[in-house]
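Data first, discussion second: the structure below is written as structure tokens.
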Amino acid sequence: MNQTISDEVRWTTSDLELLATEDCKRYEIIHGELFVSRAPD
């Protein structure tokens, strides 16, 4: 079965509010895709 673009998960800023905030992680949404990285020191 082929996956179409409309079936993909698109993250929004509202979704970020639901994530548990951790001091050591940085969350970014770029073109609907969620990126998680370590916060800069």
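So the sequence shown is numbered by my numbering: it starts at -9 and just counts up by one.
In this text, a Cβ means the ideal position worked out from N, Cα and C, and glycines have one as well.
Quickly, what does DSSP pair E(-2) with across the bridge? List them, please. DSSP lists no partner for E(-2).
Going by alpha carbons, who is nearest to V(-1) out of L24, D13, C14 and Y17? L24
Rounding to the nearest angstrom, what Cα-Cα distance links E18 and V26 in this structure? 7 Å
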